[in-house]
Ligand code: BV8
Ligand code: ZN
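In our numbering, the protein residues as written are 48 to 285.
So this is what it looks like as structure tokens:
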């Protein structure tokens, strides 16, 4: 695959790219949703019903993410971004590890575990305390309960983030889909948007997914190894 086929390069990542950093995925063995049902925790109804439980869940995840570092797959994506001129990284992850690895053009489809927002007004703020000592943080503007600034099931994604993601997918020449089970919508539609606009799809995963029948190449194995090997094969001459 010569350099010319690479750009615009769009990458879609899921929890699997952070697995080798020690962050459990959602749907694999020992996955987060196995211990907790997503519907019990990552929904507006659960926050309304039991904000304390939801905050204990997110404080537990904040603490876990705080102790994890970007892995070679995150770092390879930052290297690729620096070597190409037309690159976009779209992530479903909320852990911030792509930015910690040096990625700059990152669309966080499902928000960030390090950002909070008010449950009543439009106030948003960053809070990296681990854990948040008061349990449920309050909005400094109106005093209402703060919540993680993430997209819960049944909630719409930020319009401008989603529009930018669809736009990037529709203009891609090549899309890498890394470490996602491709079951959560609307993120799961992005590779199909890219494909119908003529992009080639390469899937990096340790198992088949519902997307596998639609991709041009499957690189099966841990993302840290597969992505670096792929880049060594395709990178344009320095
Ligand atoms: C919405 C943030 C409407 C919170 C998350 C159409 C069809 C079907 C369902 C729906 C649909 N449209 C909407 C829905 C409902 C729902 C949905 O998709 N449900 C699914 C589960 C059936 N979608 C929604 O509710 C969305 N909202 O549509 O709103 C609307 C519109 C207008 C107005 C009002 C409402 C919101 C979805 C976002 C939910 N939030 N997370 C938090 O994280 O706490 S979702 C959650 O799942 C995470 O964000 C995660 O990123 C995401 C996807 O999971 P993956 O990243 O793929 O992770 P997973 O564990 O599943 O897979 C890991 C993969 O990695 C595996 O394949 C594994 O093999 C692989 N792997 C493991 N190790 C490695 C590896 N690969 C490589 N290397 C390794 N080492
Ligand atoms: Zn407020």
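Glycine included, each C-beta is placed from N, C-alpha and C at the ideal position.
What you are looking at is a predicted structure, and each value in this text was computed from that prediction instead of being measured.
Given residue 179 as reference, the closest of 108, 248, 199 and 200 once Cα atoms are compared: If we check each option's Cα against that of residue 179, 108 comes out closest.
Under DSSP, the alpha helix (DSSP H) around residue 129 begins and ends at which residues? 119-130
Considering just the uninterrupted stretch of the beta strand (DSSP E) at residue 160, what are its terminal residues? 158-165 is the extent of the beta strand (DSSP E) around residue 160.
Three-state secondary structure (DSSP) at residue 206? Three-state DSSP puts residue 206 in a helix.
What are the partner residues of residue 135, as DSSP defines its beta bridges? 57
What are the start and end residues of the beta strand (DSSP E) that includes residue 70? Counting along the chain, no beta strand (DSSP E) covers residue 70, and no H or E run does either.
Close-in-space but distant-in-sequence residues of the same chain around residue 177 (CB under 8 Å, 5 per side omitted): 106, 109, 110 and 113
Determine the DSSP secondary structure at residue 49, reduced to helix, strand or coil. Reliability fails at residue 49, whose pLDDT of 49 lies under 50, so the model's placement of it is uncertain and no value is given.
Can you give me the C-alpha to C-alpha distance between residue 152 and residue 207, rounded to a whole angstrom? Note on geometry: alpha-carbon atoms of residue 152 and residue 207 lie some 14 Å from one another.
Where does residue 184 sit, in a helix, a strand or coil, going by DSSP? coil
Measure the alpha-carbon distance for residue 166 versus residue 137 and round it to whole angstroms. 26 Å
Does the pairing of the segment 58-74 with the segment 228-243 give three or more beta-carbon distances under 8 Å? At 8 Å Cβ cutoff, the stretches touch.
CB of residue 182 to nearest heavy atom of ligand 1: below 6 Å? no
With hydrogens ignored, establish whether the beta-carbon of residue 173 is closer than 6 Å to any heavy atom of ligand 2. no
Does the distance between the C-beta of residue 276 and the nearest non-hydrogen atom of ligand 1 fall short of 6 Å? no
Can you name the start and end residues of the alpha helix (DSSP H) that residue 171 belongs to? Here residue 171 belongs to no alpha helix (DSSP H); instead the beta strand (DSSP E) covers 171-173.
Can you tell me which of 244, 221, 243 and 198 puts its alpha carbon nearest to the alpha carbon of residue 233? With distances taken between Cα atoms, residue 233 lies closest to 198.
Which of helix, strand or coil does DSSP assign to residue 249? strand
Taking C-beta to C-beta, are residue 219 and residue 235 nearer than 7 Å? For residue 219 and residue 235, no; Cβs fall outside 7 Å.
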